[in-house]
Every structure is written in structure tokens, then in C-alpha cells.
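Comments concern the structure below.
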Amino acid sequence: MKQRLPILSLPEQTDSRVKKATKIIEQQKIALVEKNLSFEEAIKSLKQGKIQGVIAGATWPSSKTFSLALKEIGVKKGRWASTVFLMKLKNKTYFFADCALNIEPNEEQLAQIAINTAEFVKQIGFTPKIAMLSYSTKGSSNHSSAIKIRN
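Counted the way the numbering used here counts, the sequence shown spans residues 54 to 204.
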């Protein structure tokens, strides 16, 4: 059975970087791209299940992007909202969990962010491999930020 491509919206089509990204996404058949939605329309389409993702934030503040998305879509009870960055190299694809939303998450939030990312990665057809990265190697630091990664 052939896997159906997700539909993404990249609403900032006036930005040359977004146009370039759109072209790459379409050429490499990563996803189908909906180019004619405003950000607000894209978020509503995502909420309604018409599209599977919105890539935004190139031309306006992340805070605007997140606040509208959280207001319109919300977060499941008992869950923690987080972000995912995807980096596709020649033969590898990497996913970076929450480099943009949560400042100094606690241990429970870090675990939820890892779970959110793994679930997203599975949804788009990849097998997740999780690594919690820290500046401390093999317990070289006893700073609270390193300890919560170890835990």
C-alpha cells in the first residue's frame, strides 16, 4: 500500500526562503503543499484535519505563531506543547525536539517533549530514535540542568 503524502501549509510564500523550501518539499515528494492559505486559515485547516502541518515563523515572531496555534488548537489534557525541527541531509533525516518553545523544561516536561516528538516522527513514517543531549558527558557536571537530562 502506497503511503499518502501529508499536506502542509507554508503560509509565508512572500519570503524567498519559504518559496525555496516549498520547492524542495514538492520536488522531493516530502509532502503536498498548500500555498494559498493565510496563517490563520492554515491553523483552522489544521484543527479541522484538512492539512497535517503548518510550517511558519520565517517572517513574524515565534510568539505570534505559537500563541495563535495554542489558542485555536490547544493542548491535550495532561500533555505539554512542544515543537519539532526537521533537518534532511543527503541520506539522513534528523528531528530536533523543542528548540523553540519551552524554556528550561523540568524532567517531566522533557520526557513529554521526547514522547511528543517520537509520536510525531512515527506519524510521518519514520522510526524514532531518541537521544537526550547535554553539555555534560558521563556525569561531568552536577549542575541542575545536566542532572535533569541524566535523570
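The beta-carbon is built from N, C-alpha and C at its ideal position, and this holds for glycine as well.
Check	Outcome
Below 8 Å CB to CB, which residues in the same chain sit around I83 once its five sequence neighbours on both sides are set aside?	L58, I77, K141
Given 8 Å as the limit, is there contact between the segment 121 to 131 and the segment 155 to 163, that is, 3 or more CB pairs closer than that?	no
Whose C-beta lies closer than 8 Å to the C-beta of N195 among residues of the same chain, with five residues either side of it excluded?	none
Determine the DSSP secondary structure at K103, reduced to helix, strand or coil.	coil
Going by the beta-carbon positions, is the gap between P79 and I104 smaller than 9 Å?	Checking the sequence, you will find Glu at residue 79 rather than Pro. In this structure, I104 does not lie closer than 9 Å to E79 by Cβ.
Look up K73 in the DSSP assignment and say whether it is helix, strand or coil.	helix
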